[in-house]
Amino acid sequence: MNTIEYVYQCFQTLLTPEKANLFERIAEQRTHYLTVVLEDLFQEHNASAVIRTCECFGIQHLYAIEDKNKYTLQRKVARGAGQWIDLHRFTERGKATIDCINALKLKGYKIVATSPRADAYIPNNLPITDPIALCFGTERLGLSAYLLDNADYHVKIPMYGFTESFNLSVSVALVLQDIKSRLNQSELPWRLTKEEQINLKIEWSKRMLNGGEMLEKQFRKAYFEKEF
Numbered sequence: 037m038n039t040i041e042y043v044y045q046c047f048q049t050l051l052t053p054e055k056a057n058l059f060e061r062i063a064e065q066r067t068h069y070l071t072v073v074l075e076d077l078f079q080e081h082n083a084s085a086v087i088r089t090c091e092c093f094g095i096q097h098l099y100a101i102e103d104k105n106k107y108t109l110q111r112k113v114a115r116g117a118g119q120w121i122d123l124h125r126f127t128e129r130g131k132a133t134i135d136c137i138n139a140l141k142l143k144g145y146k147i148v149a150t151s152p153r154a155d156a157y158i159p160n161n162l163p164i165t166d167p168i169a170l171c172f173g174t175e176r177l178g179l180s181a182y183l184l185d186n187a188d189y190h191v192k193i194p195m196y197g198f199t200e201s202f203n204l205s206v207s208v209a210l211v212l213q214d215i216k217s218r219l220n221q222s223e224l225p226w227r228l229t230k231e232e233q234i235n236l237k238i239e240w241s242k243r244m245l246n247g248g249e250m251l252e253k254q255f256r257k258a259y260f261e262k263e264f
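Numbered according to the numbering used here, the sequence shown spans residues 37 to 264.
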């Protein structure tokens, strides 16, 4: 038994069996392979709805670009869906978009911009052989010119009515549903490794339990003092 296995085993003694089983089931469906980037959202309800959508689809990492607007969650959502995913914020004015895109490219992501342009892919034919960062802007303005110009791919949602766009959280859900379904049916390594799953379950336990950080330190200390 290694360190993280021991630490999570200790945390499990503090969780109900139902919660431990839930952690197990959900961690198996979590992914780093697919992530979402939100650029300059300014409506709190949109920011909150998107984080719920991402959590429901097993997205573990959400990236918020705050070049002009602060990414603000409704308190109820921050304490609900918000505690189960990792939010990465880029806040330096004039550089937030550049910094976020560069960070994602360094991690091996293909940048996918949502755009109505005629030559854009649709979700069911978008290349998914590399990790994907799906980028969404505001309903009114869309994505910045920099992000559109520096994307590896563009994707659009087919529409058949008079209205020009979906609500933002609906757009996110439609694209995620299609791509996550394709990943589920593929042999691509989109799931977390066993080690990543254990680390994630430790993190969830820390967030849920009072004094979680201190408990982790105690468990790690106990591991190194214990003879196996």
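Using N, Cα and C, we set each Cβ at its ideal position, and we do this for glycine too.
Paired residues, beta bridge with residue i - DSSP
i	result
Gly178	Thr174
Lys146	Ile168
Arg125	Ala100
Thr71	Ala169
His190	Ala149
Tyr157	Val191
Ile95	Thr67
Per-residue DSSP class, three states only, for residue i
i	result
Tyr196	coil
Arg227	strand
Ile62	helix
Met37	coil
Ser201	coil
Gln79	coil
Pro53	helix
Gly130	coil
Trp240	helix
Gly248	helix
Thr89	helix
Lys253	helix
Ser217	helix
Leu162	coil
Ser222	coil
Tyr138	Contrary to the premise, residue 138 reads as Asn rather than Tyr in this sequence. Helix at Asn138.
Contacting residues, own chain, Cβ-Cβ under 6 Å from residue i (five flanking each side not counted)
i	result
Leu210	Ile193
Leu212	Phe93
Asp135	Phe126
Gly248	Lys242
Glu91	Ala117, Trp120, Ile121
Tyr44	Ile234, Lys237, Ile238
Leu204	Asn82, Glu175
Selection from the options that minimises the alpha carbon distance to residue i
i	options	result
Thr150	Ala117, Glu128, Asp185	Asp185
Ile137	Glu102, Val191, Glu175	Glu102
Gly130	Cys90, Met244, Glu75	Glu75
Leu98	Phe78, Arg88, His124	His124
Gly116	Phe126, Ala85, Ile215, Lys253	Ala85
Arg227	Gln65, Asp155, Thr174, Glu41	Gln65
Ala187	Lys216, Val208, Cys46, Ala156	Ala156
Lys104	Ala63, Thr174, Phe59, Ile158	Thr174
Ser217	Glu54, Thr39, Ile164, Thr52	Ile164
Gln221	Tyr189, Asn160, Leu177	Asn160
Ala100	Val191, Thr67, Ala139	Ala139
Ala56	Ile95, Phe260, Trp240	Trp240
Ile158	Ala132, Tyr189, Gly178	Tyr189
Own chain, CB closer than 8 Å to residue i, minus 5 neighbours either side, in chain order
i	result
Thr108	Glu80, Ala83
Val206	none
Ile168	Tyr69, Leu70, Thr71, Tyr145, Lys146, Val148, Leu162, Ile215
Lys143	Pro167
Val208	Val72, Val86, Thr89, Cys90, Leu170, Phe172
7 Å CB neighbourhood of residue i in its chain, flanking five on each side removed
i	result
Gln254	none
Leu245	Leu50, Leu251
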